[in-house]
Amino acid sequence: MSKTILITGVGKRVGFYLAQHLSKSGYQVIGTYRTPRPELQQLEALEVQLLQCDFYDIQQTEQLIAKIKANNSSLRGIIHNASDWLPDSDSACSISTIEKMIRIHASTPYALNLALAPLLQNNPLQFSDIIHITDYVVDKGSKKHAAYAASKAALQNLTLSFAAKYAPKIKVNSIAPAMLMFNPDDDDNYKTKALNKALIKQEGGEAEALRAVNYLLDSGYTTGQTLKIDGGRHLV
85 MSKTILITGV GKRVGFYLAQ HLSKSGYQVI GTYRTPRPEL QQLEALEVQL LQCDFYDIQQ
145 TEQLIAKIKA NNSSLRGIIH NASDWLPDSD SACSISTIEK MIRIHASTPY ALNLALAPLL
205 QNNPLQFSDI IHITDYVVDK GSKKHAAYAA SKAALQNLTL SFAAKYAPKI KVNSIAPAML
265 MFNPDDDDNY KTKALNKALI KQEGGEAEAL RAVNYLLDSG YTTGQTLKID GGRHLV
């Protein structure tokens, strides 16, 4: 099917929202998740194909790739949304922290892009798309999440390499959000501080990510770019 799109990390937040709305827009969505959640039943009702995979497990990742290749002759796109947010530590586990961050944010997208590129090339439409969800911190770094920031920066750099490698058939771009959604346990003090870091002092919301994804899917002339949706943080 020419409108089949793979979205990693659809169990919650932005990934869940993208899977819902792209499915309702006519895409056949394949969604990966690590942890079973009640919300996934809503995606099943929309006929989203759900595949459980822990990207920290290489064997599970290889099995996922094999299953997608066996069941699909083409893909319209891949959205790399799966993520984790581990804080830095000065203990002996610090190497493990950065290895995990690199695994989920860079190594896994790298492997999926290479393995599934033939399916993207087989899409009968003029273009296919790879979209990397990175982060505002790739240009700034992070005092408490340096491993996370570094791994997202690696993903942003992969955007450049894969855009050059797969042009003109496959467009490859990044979306770098900041402060799209608060977590349920964020207190008012944290929310105020976070909002004051931007010119537009509000949550962007999942809809901003969907608008960015739709722009990139619809564009016939954008590749190798990073679309920043950060409320003007770079000017504060």
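Per the numbering used here: the sequence shown ends with 320, consecutive numbering throughout. Every residue, glycine too, gets a C-beta built ideally from N, C-alpha and C. A quick note: this is a predicted structure, and the numbers were derived from the prediction, not measured.
Asked	Found
Quick check on the burial criterion: 16 or more other C-beta atoms within 10 angstroms. Buried or exposed for V256?	buried
So L286 and L294 are in contact, right, with Cβ under 8 angstroms, and what is the actual spacing, rounded?	The sequence as given places Gln at residue 286; Leu does not occur at that position. At roughly 17 angstroms, the Cβ-Cβ gap does not stay under 8 angstroms, so Q286 and L294 are not in contact.
Classify Q104: buried if its beta carbon has 16 or more other beta carbons within 10 angstroms, exposed otherwise.	buried
In whole angstroms, what separates the C-alpha of K228 from that of P171?	6 angstroms
Would K275 and F266 qualify as a contact pair, given that the criterion is a beta-carbon distance under 8 angstroms?	yes
Round the Cβ separation of Y121 and G95 to the nearest angstrom and send it over; I've been treating them as touching at under 8 angstroms.	In the sequence on display, residue 121 carries Arg and not Tyr. At roughly 5 angstroms, the Cβ-Cβ gap stays under 8 angstroms, so R121 and G95 are in contact.
Using DSSP bridges, identify the partner residues of Y116.	A small fix is needed here, since residue 116 is Thr in this sequence, not Tyr. Per DSSP, L135.
Determine the contact status of S158 and T88, defining contact as a CB-CB distance below 8 angstroms.	yes
What does DSSP give as the partner residues of K249 in its beta bridges?	In the DSSP output, where bridge partners are listed per residue, K249 has none listed.
I need the boundaries of the alpha helix (DSSP H) containing P193, first residue and last residue.	192 to 205
Give the range of the alpha helix (DSSP H) segment to which T181 is assigned.	178 to 186
At what residue ranges does the segment 229 to 313 contain a whole run of the alpha helix (DSSP H), taking only runs of 4 or more?	230 to 250, 272 to 279, 290 to 302
Between I152, I91, Q136, G161, which lies nearest to L301 when the distance is taken from Cα to Cα?	G161
Output the distance between the C-alpha atoms of Q144 and K151, rounded to the nearest integer angstrom.	10 angstroms
Return helix, strand or coil for T92, following the three-state DSSP convention.	coil
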